[in-house]
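Below is one structure, written out as structure tokens, with a few remarks after it.
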Amino acid sequence: MDKPESIAKIKVRLAEILDEKHPYVESLRQDTRQGVQKLLQQFDKKIAKAQQLVNKYQEMHSFEEVALNNGYRLIAGIDEVGRGPLAGPVVAAAVILAPDTVILGLNDSKQLSAQNRENLVKEIEEKALAIGIGVIEPAEIDRINIYQASKQAMIIAVEKLSVTPDYLLIDAMNLPLAIPQEKIIKGDARSVSIAAASIIAKVYRDDLMAEYDQQYPGYGFTSNAGYGTKEHLNALEKQGITPIHRRSFSPVANYV
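Residue 299 in this note's numbering sits at position 243 of the sequence shown, with consecutive numbering throughout.
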């Protein structure tokens with residue numbers, strides 16, 4: 057009688073399989089060893105999670121699907137990050153994904169871990185047809201207000217795309233551009249294109265704030281991205297404002 061395959065070898069082989077109906081997997085279901093059954097439970101969870109990601113992507117591709125069915129091909133998702141912080145710029149991104157592109161795990165950047173965002177940024181940069189980024193600095197935010205600054209950052213992001221989009225999907229905003237567009241409330245959690253833009257903008261801004269943390273230590277910009285955390289507010293009181301603080305925002309205005 058042949059010696060049963062070792063648990064260690066089965067674990068390695070299962071790691072390479074993504075089909076729950078694979079003949080090898082079906083054969084393992086007849087193996088009564090506790091270690092094998094435990095591996096199969098883990099495998100089934102992996103498959104279920106992968107299917108959830110596929111389902112989520114398909115669900116979030118519905119706005120793109122409608123636009124594609126209406127004849128549009130260069131569909132740009134647009135989002136911004138950094139409306140609420142007391143310091144740093146507001147950053148917007150525009151991303152055009154090819155119609156047949158699939159990037160599993162896309163979601164509102166705030167719902168993702170830093171590691172997931174970093175991984176997704178790499179995949180988006182590899183697969184996107186075009187990416188544009190718009191940045192509006194704190195002084196301009198103070199001059200025109202954060203709403204107008206967010207809108208301007210989005211316009212710049214669209215203008216910086218290497219190809220001109222024929223349709224825009226925008227998170228909670230209408231833009232004064234001569235391009236057909238759709239405003240989607242909570243779009244970063246409902247559209248793959250907007251989610252991709254959200255992730256690109258978030259990572260770009262977080263990296264920028266980490267650089268500012270080196271320039272202006274003590275405020276915790278790497279960890280708080282310019283938001284009004286206790287550490288940040290304490291530093292404002294002790295050290296005062298920096299060139300990247302938004303002077304029109306409270307309580308920064310108290311230290312001007």
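Yeah, the Cβ is synthetic: ideal placement off N, Cα and C, and Gly gets one too.
Per DSSP, reduced to three states, the secondary structure at lysine 239 is strand.
DSSP lists Val147 as the bridge partner or partners of valine 137. When only Cα atoms are considered, alanine 132 and alanine 150 end up about 6 angstroms apart. Distance from the CA of tyrosine 80 to the CA of serine 254, rounded to the nearest whole angstrom, comes to 40 angstroms. Linking serine 83 to leucine 74 through their CA atoms gives a straight-line distance of about 15 angstroms. When C-beta atoms of the stretch 105 to 120 are compared with those of the stretch 197 to 211, fewer than three pairs fall below 8 angstroms, so the two segments do not count as touching.
Following the DSSP letters along the chain, one finds aspartate 262 inside the alpha helix (DSSP H) bounded by residues 248 to 271. Contact annotation: valine 177 and isoleucine 256 have beta-carbon atoms nearer than 9 angstroms.
Taking the CA atoms as reference points, asparagine 290 sits about 15 angstroms from proline 141. At the C-beta level, arginine 173 and valine 259 come within 9 angstroms of one another. When the Cα atoms are used, isoleucine 297 and glutamate 287 turn out to be separated by approximately 14 angstroms. Collapsing the DSSP output to three states places aspartate 198 in a helix. Between the alpha carbons of proline 155 and alanine 309 lies a distance of about 47 angstroms.
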